[in-house]
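Peer 1: Chains as they are written, first to last, in UniProt numbering: chain A, 1 to 415; chain B, 1 to 92.
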Amino acid sequence: MTGDITRPRTPGADLPDHPDFLWRNPEPKKSYDVVIVGGGGHGLATAHYLAKNHGITNVAVLEKGWLAGGNMARNTTIIRSNYLWDESSAIYEHSLKLWEGLEEDLGYPILFSQRGVLNLAHTLQDVRDSIRRVEANKLNGVDAEWVEPDEVRKICPIVNTSADIRYPVMGATYQPRAGIAKHDYVAWGFARRADEAGIDLIQDCEVTGFTTDGNRVTGVQTSRGTIAAGTVALCAAGHTSVLTDMLGFRVPVQSHPLQALVSELLEPVHPTVVMSNAVHVYVSQAHKGELVMGAGVDSYNGYGQRGAFHIIERQMAAAVELFPVFARAHLLRTWGGIVDTSPDASPIVGRTPYDNVYLNCGWGTGGFKATPGIGDAMAHTIAHGEPHPYVAPFALDRFVSGALVDEHGAAAVAH
Amino acid sequence: MQLIECPWCGPREEVEFHYGGQAHVAYPEDPAALDDEQWAHYVFYRDNPKGRFAERWSHAAGCRRWFNAVRDTATYRFESVYHPDQPKPVIP
């Protein structure tokens with residue numbers, strides 16, 4: 001570049017213009033037919049399907065921070081449907097089918113990559129549980145297979161399948177249709193479509209209370225004024241208890257920090273997604289090149305969006321044992337989300353003690369993969385005033401009836 | 001790493017401790033008298049506040065004794081620790 005080197009350039013003068021905004025930033029109206037609390041993946045997907053499938057567009061999505069800045073920005077983006085029980089595999093498989101057409105539906109790239117997920121087995125009990133889960137998956141039409149260690153090595157050559165490590169790989173379950181997606185793009189795609197349909201996405205709008213009339217909620221009090229609501233949907237994940245405390249009913253969830261981390265950018269070395277329940281780490285490689293890793297929750301209740309370092313340390317020990325090639329990779333960034341865990345490690349969705357308030361919480365560590373599926377089912381539930389068949393088994397009253405959907409340790413990874 | 005004060009041993013590193021969830025949840029005096037909903041609340045429901053929380057901890061890699069603590073779940077700061085037979089502090 002030539003020019004007058006004595007005159008300083010105006011900072012930013014050479015930058016391109018700001019790209020088009022993907023959604024408006026409207027002021028809240030006084031009243032909406034539907035108010036969705038929580039502008040993360042589930043809230044945005046619910047908004048999208050309300051407009052797309054049911055023509056309901058007088059809708060507000062209230063977000064206390066910025067859109068998709070909570071768990072939607074903090075997960076490890078793994079998508080799979082190889083859950084043990086019929087009820088779980090039904091909703092997750094429904095979700096996976098929607099993922100398969102989502103890029104077209106949203107008209108937006110989401111980098112959905114069906115690179116498969118391996119769930120490793122390290123003990124005889126792991127092997128038995130895994131094969132049982134594969135058989136259950138097959139009966140439910142989920143593509144699952146049991147693979148022996150030599151096949152694990154073919155699918156993912158960098159996994160240490162030697163026999164003389166502390167927790168040798170004795171095989172794995174494999175779901176070829178599983179994979180990852182770019183979480184931010186997913187949120188932006190849903191937000192853009194919902195906005196186009198006329199739905200108001202209202203950021204920096206924290207819910208501070210509810211106005212009730214008997215068994216109905218009539219208004220949502222927010223940091224930006226009171227908004228009248230025909231129906232209210234709670235999609236607030238880790239902050240659900242804060243909202244239900246305001247409403248005066250309890251949900252059996254406990255909020256925990258869940259940490260994840262990425263390495264520096266590396267050449268492509270990891271072709272699939274590997275999860276290990278026993279040594280407890282899950283790893284994939286993002287399109288950009290970072291190794292993305294997650295593990296279990298910090299043990300204590302926490303809303304701090306951060307956790308303890310020894311959790312990360314343990315997770316790295318597991319990762320390096322399984323992937324010796326990672327020993328020289330550098331940790332780039334760690335972060336934490338707040339996950340709402342339920343007693344049976346299954347979500348809690350559907351009716352509440354209020355006639356016009358619907359609940360969507362309890363997804364624990366596994367909510368990202370459910371995003372389109374639960375958005376579709378929540379929209380149906382709101383539109384019909386009746387739980388969608390996919391979410392009916394996950395009603396709040398199962399903790400009274402005893403009809404739990406016990407996915408603890410059976411869902412391929414502990415929650 | 002966060003230090004947690006065991007009321008018997010003094011401050012120790014967080015890795016030595018095991019979390020026990022909400023404190024002061026007593027076994028029902030007459031379990032047979034509970035209906036299904038009350039039983040569900042005893043078995044499955046625990047408070048989940050954002051802020052001060054009275055909760056149980058065990059010094060699992062130390063004296064192996066249980067104690068209670070008031071901790072802020074938003075900042076993770078321990079405000080007090082006390083023996084399990086002491087009453088629940090008043091939480092503002």
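Every residue, glycine too, gets a C-beta built ideally from N, C-alpha and C.
Which one of A/Leu22, A/Tyr49, A/Arg7 has the shortest CA to CA distance from A/Gly373?
Peer 2: Counting from 1 along the first sequence, the entry for residue 373 of chain A is found at position 373. Taking only the C-alpha atoms, the option nearest A/Gly373 is A/Tyr49.
Peer 1: Return no unless some Cβ of chain B is closer than 8 Å to the Cβ of A/Ser241.
Peer 2: Taking the first sequence and counting its residues from 1, one reaches residue 241 of chain A at position 241. So, interface residue.
Peer 1: Can you check whether the C-beta of B/Glu5 is within less than 8 Å of a C-beta belonging to chain A?
Peer 2: Residue 5 of chain B sits at position 5 when you count from the first residue of the second sequence. Judged by the 8 Å Cβ criterion, B/Glu5 is not in contact with chain A.
Peer 1: So A/Ser263 packs on A/Ala172, CB below 8 Å; how close in whole Å?
Peer 2: Reading the first sequence from its first residue, position 263 is the one you call residue 263 of chain A. Reading the first sequence from its first residue, position 172 is the one you call residue 172 of chain A. Not a contact, Cβ separation roughly 23 Å.
Peer 1: Short of 7 Å in beta carbon distance, which residues of its chain neighbour B/Ile91, apart from the five on each side in sequence? Order them along the chain.
Peer 2: Locating residue 91 of chain B in the second sequence gives position 91, where the first residue counts as 1. By the criterion of a C-beta distance shorter than 7 Å, B/Ile91 is surrounded in its chain by Arg52, Ala54, Val70, once the five residues flanking it on both sides are discounted.
Peer 1: Between which two residues does the beta strand (DSSP E) harbouring B/His59 extend?
Peer 2: To locate residue 59 of chain B, count along the second sequence from 1; it is residue 59. Here B/His59 belongs to no beta strand (DSSP E), and DSSP marks it neither H nor E.
Peer 1: Are the CB atoms of A/Ser130 and A/Ala136 nearer to each other than 8 Å?
Peer 2: Walking along the first sequence from the start, residue 130 of chain A turns up at place 130. Walking along the first sequence from the start, residue 136 of chain A turns up at place 136. Cβ distance not < 8 Å, so A/Ser130 and A/Ala136 don't count as in contact.
Peer 1: Near A/Val217, which residues of its chain fall below 8 Å by C-beta distance, leaving aside the five closest residues on each side in sequence?
Peer 2: Counted from its first residue, the first sequence places residue 217 of chain A at position 217. Here the set comprises Phe210, Thr211, Ala229, Val232, Leu247, Tyr354, Asn356, Val357.
Peer 1: Taking 8 Å as the limit between beta carbons, can you name the residues of its chain near A/Leu124, skipping five residues before and five after?
Peer 2: Here residue 124 of chain A refers to the residue found at position 124 when the first sequence is read from its first residue. Around A/Leu124: Met170.
Peer 1: Quick one: which chain B residues come within Cβ less than 8 Å of A/Tyr303?
Peer 2: In the first sequence, counting from the first residue as 1, residue 303 of chain A sits at position 303. Lys50, Thr73, Ala74, listed in chain order.
Peer 1: Taking the C-alpha atoms as reference points, what is the distance between B/Ala74 and A/Gly302?
Peer 2: Looking up residue 74 of chain B in the second sequence gives position 74. Looking up residue 302 of chain A in the first sequence gives position 302. Taking the straight line from one Cα to the other gives about 6 Å.
Peer 1: As a quick exercise: from A/Thr10, A/Pro8, A/Val35, pick the residue whose alpha carbon is nearest that of A/Ile382.
Peer 2: Within the first sequence, residue 382 of chain A is the residue found at index 382, counting from 1. Nearest C-alpha to A/Ile382: A/Val35.
Peer 1: Anything in chain B within Cβ reach of A/Tyr300, meaning under 7 Å, just list it in chain order.
Peer 2: Taking the first residue of the first sequence as 1, we reach residue 300 of chain A at position 300. Those are Tyr19, listed as they occur along chain B.
Peer 1: Nearest chain E C-beta to B/Arg46 closer than 8 Å, yes or no?
Peer 2: No chain E appears in this structure, whose protein chains are A and B.
Peer 1: Whose C-beta lies closer than 7 Å to the C-beta of A/Ala327 among residues of the same chain, with five residues either side of it excluded?
Peer 2: Position 327 of the first sequence holds residue 327 of chain A. The answer, listed in chain order, is Val320.
Peer 1: To the nearest angstrom, how far is it from the Cα of A/Val391 to the Cα of A/Met316?
Peer 2: For the purposes of this step, residue 391 of chain A is taken as residue 391 along the first sequence, with counting starting at 1. For the purposes of this step, residue 316 of chain A is taken as residue 316 along the first sequence, with counting starting at 1. Straight-line spacing of the CA atoms in A/Val391 and A/Met316 works out to 36 Å.
Peer 1: For the region 331–352 of chain A, list every residue whose C-beta sits within 7 Å of some C-beta in chain B, in sequence order.
Peer 2: Pro343
Peer 1: Nearest chain A C-beta to B/Ala40 closer than 8 Å, yes or no?
Peer 2: Position 40 of the second sequence holds residue 40 of chain B. For B/Ala40, the answer is yes, since a Cβ of chain A falls inside 8 Å of its Cβ.
Peer 1: So which of A/Asp150, A/Val274, A/Asp245 has the shortest CA-CA distance to B/Thr45?
Peer 2: Within the second sequence, residue 45 of chain B is the residue found at index 45, counting from 1. For the record, residue 45 of chain B in the displayed sequence is Tyr; it is not Thr. Measuring from the Cα of B/Tyr45, the nearest candidate turns out to be A/Asp245.
Peer 1: So that I know if they touch, is there some Cβ in chain B lying closer than 8 Å to that of A/Val269?
Peer 2: The sequence position of residue 269 of chain A within the first sequence is 269, counting from 1. Judged by the 8 Å Cβ criterion, A/Val269 is not in contact with chain B.
Peer 1: Measure from the C-beta of B/Val15 to each C-beta in chain A and report whether the shortest distance is under 8 Å.
Peer 2: Within the second sequence, numbered from 1, the residue matching residue 15 of chain B stands at position 15. Output row for B/Val15: interface = yes.
Peer 1: Quick one: list the residues of chain B neighbouring A/His310, beta-carbon separation under 9 Å, in chain order.
Peer 2: For the purposes of this step, residue 310 of chain A is identified with residue 310 of the first sequence, where counting begins at 1. By Cβ distance, chain B contributes Met1, Glu13, Glu14, Val15.
Peer 1: Pop quiz: A/Gly375 and A/Thr46 are said to be a contact at Cβ under 8 Å. What is the actual Cβ separation, rounded to whole angstroms?
Peer 2: Position 375 of the first sequence, counting from 1, holds the residue named residue 375 of chain A. Position 46 of the first sequence, counting from 1, holds the residue named residue 46 of chain A. The pair is a contact, with the Cβ atoms about 5 Å apart (cut-off 8 Å).
Peer 1: For B/Pro87, is the classification buried or exposed, using 16 other Cβ atoms within 10 angstroms of its Cβ as the cut-off for buried?
Peer 2: As a first step, residue 87 of chain B is located in the second sequence; it is residue number 87 there, counting from the start. So B/Pro87 ends up on the exposed side.
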